[in-house]
Amino acid sequence: MENSIKGLLELLQELYVGVHDSPSWVIDAKPGHGFTAAIETISAEQASTPIVKGGSTIAAHTEHLRWSLYFALEFYKGNRPSSDWETSWKVSEVDEVQWLRLQQDLLEAYLLILEAISKVEDWSDENLLKGTLALLPHAAYHLGAVKQMMLVVKEN
Numbered sequence: 000m001e002n003s004i005k006g007l008l009e010l011l012q013e014l015y016v017g018v019h020d021s022p023s024w025v026i027d028a029k030p031g032h033g034f035t036a037a038i039e040t041i042s043a044e045q046a047s048t049p050i051v052k053g054g055s056t057i058a059a060h061t062e063h064l065r066w067s068l069y070f071a072l073e074f075y076k077g078n079r080p081s082s083d084w085e086t087s088w089k090v091s092e093v094d095e096v097q098w099l100r101l102q103q104d105l106l107e108a109y110l111l112i113l114e115a116i117s118k119v120e121d122w123s124d125e126n127l128l129k130g131t132l133a134l135l136p137h138a139a140y141h142l143g144a145v146k147q148m149m150l151v152v153k154e155n
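With the first letter of the sequence shown counted as 1, position 113 gets the number 112 in numbering that gives the first Met the number 0; the numbers rise by one all the way through.
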């Protein structure tokens, strides 16, 4: 199981941080941007711009990922919190200070998740294992959505 978890941690790094000189399994090797590196390339105004009327923003996706990582952390602490996914989508507009803080908070949440996963010694809890594995497609989905949104907001 240790090798499987090592691979999972490497894929999470690729999705959240990116790749530099490492092989890429999910993202484009050039520029090699994971979620946190990609969102550093846009302004708060761009992050707050929906690409369709009533649609979500890059800031909203970022807050949702940050929230979901902290939610997941509770399970590694042995808690079983109730989810309120609507809360995770409440942030849609940010100013420059809020945008920088949100980016830092997401990176911090990612680092805490890595640490929590690394400390798990017993993976016999099926829900913990499934929840951990689900972190990959969840991050990949939001990274893909945000990268497509960035194509639009960078044009304007």
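Idealized CB from N, CA, C, for every residue including glycine.
The structure displayed is predicted, hence computed values, not measured ones.
8 Å or more divides the Cβ of E13 from the Cβ of I4. Counted as a single uninterrupted DSSP element, the alpha helix (DSSP H) harbouring N126 occupies residues E125 to E154.
In this structure, the straight-line span from the alpha carbon of A58 to that of E95 is close to 11 Å. Between the alpha carbons of S82 and T56 lies a distance of about 21 Å. Under the DSSP assignment, V96 falls in the alpha helix (DSSP H) whose first and last residues are E95 to K118. For the 8 Å CB-CB criterion, I112 and L68 form a contact. Per DSSP, I38 is one residue of the alpha helix (DSSP H) stretching across F34 to I38. Cβ contact annotation for S47 (same chain, cutoff 6 Å, sequence separation greater than five): T56, A58, E92 and V93, in chain order. The Cβ-Cβ distance between I50 and V151 falls below 8 Å. A buried status is given to A108, since no fewer than 16 other beta-carbon atoms sit within 10 Å of its beta-carbon. Residue E44 holds the alpha-carbon nearest to the alpha-carbon of Q97 among M149, A71 and E44. In the DSSP assignment, H60 falls within the alpha helix (DSSP H) that extends over I57 to Y75. In terms of Cβ geometry, F34 and L142 form a close pair [threshold 8 Å]. In the structure shown, G6 adopts helical secondary structure according to DSSP, grouped into three states. Taking each of N78, A37, L101 and S117 in turn and checking the Cα distance to E62, the smallest one comes out for L101.
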